[in-house]
């Protein structure tokens with residue numbers, strides 16, 4: 001599978017307004033993002049979960065092929081309501097929606113009935129995702145009585161194109177988080193770190209997925225910040241500096257680990273979007289194509305990162 005690139009919006013140039021603050025201006029940027037080689041965009045607005053869902057619909061309506069990675073969390077919307085709304089968004093977009101589950105919202109206003117304790121948070125996420133999948137697949141109403149949710153006659157009459165196979169994205173480093181991600185995640189979002197640290201986290205995530213017979217189904221995404229400066233709140237990333245050829249070479253080292261997707265953080269002005277697409281992303285695609293032609297072996301270039309590659313928060 002070829003490497004995919006996902007745009008992770010940061011802040012605007014004056015660092016005071018969110019990426020989606022002026023949607024007329026945002027629509028122009030979306031066109032550039034789509035034309036510059038990005039396949040996906042993350043919607044993770046500080047206004048909260050309901051705003052995220054509205055923005056996801058607007059982005060999908062304004063673009064032809066761009067997929068939306070919708071940031072979502074349990075505890076704000078009941079599972080039956082969420083399942084219907086998400087299925088509707090996915091259906092209207094022709095199947096271009098993915099669900100990015102995080103453990104806690106950045107805004108406490110969206111933390112209604114927040115459970116206390118790390119383990120409890122992930123137990124609720126697990127139950128929430130189980131219910132979404134049941135609601136997206138069952139052809140008749142369901143009842144459920146669990147630790148966090150009670151449902152009587154829950155039903156989604158109009159499913160999305162993917163049904164219960166809507167792409168789920170998750171992350172985490174604790175044993176509890178990995179256990180839940182191993183059960184549900186199709187894409188695992190890695191934490192920034194050295195080559196060895198990221199490799200170890202990938203092995204742990206595969207091990208957790210293997211317990212559910214899913215090791216071969218798990219794909220990996222790595223957040224990368226190419227341009228320094230204002231960064232997306234809440235998004236930690238591997239910081240890569242230098243000219244495009246050097247950045248592309250550093251990304252090759254991560255791709256050699258088996259990473260399928262790079263989440264590009266904080267490239268938000270029209271000029272930055274166009275430049276990164278024309279230079280860095282194109283260079284990496286061409287380099288990967290040449291490596292494959294030369295019988296590229298995973299891990300062969302993992303030692304070629306320079307001192308410019310570091311983890312950044």
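In the numbering used here, the protein residues as written are 1 to 313. For each residue, glycine too, the CB sits at the ideal point set by N, CA and C.
When secondary structure is reduced to three states using DSSP, residue 256 falls in the coil class, being assigned neither helix nor strand. In the pairwise beta carbon analysis, the stretch 176–194 is classified as not touching the stretch 157–164: fewer than three pairs are separated by under 8 Å. The three-state secondary structure of residue 8, taken from DSSP, is strand. Residue 182: member of the alpha helix (DSSP H) spanning 175–184, first to last residue. Runs of alpha helix (DSSP H) with 4 or more residues, each lying fully within the stretch 8–73, are found at 23–35, 49–62, listed in chain order.
In the displayed model, residue 130 falls within a helix according to three-state DSSP. Within the same chain, and ignoring the five residues on either side of residue 4 in sequence, the residues whose Cβ sits closer than 6 Å to its Cβ are 39, 261.
In chain order, 89 place their CB closer than 6 Å to the CB of residue 57, counting only its own chain and leaving out the 5 sequence neighbours on each side.
No residue range can be given for residue 77, since it is assigned to no beta strand (DSSP E) and is classified by DSSP as neither H nor E. DSSP places residue 215 outside any alpha helix (DSSP H), giving it a letter other than H or E. The residue from 21, 18, 23, 31 with its alpha-carbon nearest to that of residue 271 is 31. Here residue 152 is exposed. Its C-beta has fewer than 16 other C-beta atoms within 10 Å. Under the three-state reduction of DSSP output, residue 251 falls in the helix class. Residue pairing of residue 97 in beta bridges, as defined by DSSP: 68. Ranked by Cα distance from residue 42, the first of 130, 35, 24, 20 is 20.
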